[in-house]
Structures are given as structure tokens and as C-alpha cells.
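Here the sequence shown is numbered in the numbering used here, starting from 6 and rising by one per residue. Below: one structure, written as C-alpha cells.
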Amino acid sequence: MEELKTLEPGFGNEIQLTDAIAKMLQKGKILGLKYDALKFDCGSKEGFVQANIHFAKKQHIIS
6 MEELKTLEPG FGNEIQLTDA IAKMLQKGKI LGLKYDALKF DCGSKEGFVQ
56 ANIHFAKKQH IIS
């Protein structure tokens, strides 16, 4: 997504994916994919820890 390179940091001084998507919509259609899977917000400490615990349990590193 070339649009990400052109954006200024937004909320939390981070580049916002939603801003890039909105910019793409101005140029035309975009495609998306709906999926049913686990997701973790690794941009937050809590989400990062949850992801690590989940995958450590899955790989039997912890129980």
C-alpha cells in the first residue's frame, strides 16, 4: 500500500491503516477479505501478551 508512505502520523503518533484505506477509496474500489480467525491487537501491551500466551500454549511451551 503505497498510501502508507504518504501519510503523516495520526492518533497516538502512529500511521493509521484506516487513513490509507480511505485514501485508496478516493482513487477507486478496494478489495477486502472476510475471514474467521483469531486476532490480537499487538499494538497494545495487553494484546501483545495475549498473543504470546496463546501461541506459547499452542506450541506447548507453557501450559
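No residue lacks a Cβ here, since even glycine has one placed at the ideal position from N, Cα and C.
- When rounded, the separation of the alpha-carbon atoms in Gln21 and Ala27 is 10 Å.
- Gly37 places its beta carbon 7 Å or farther from that of Phe45.
- Selection Gly33, Ser49 and Lys62 evaluated against Gly17 yields Ser49 as nearest (Cα-Cα).
- For Asn18, there is no enclosing alpha helix (DSSP H), as DSSP gives it neither H nor E.
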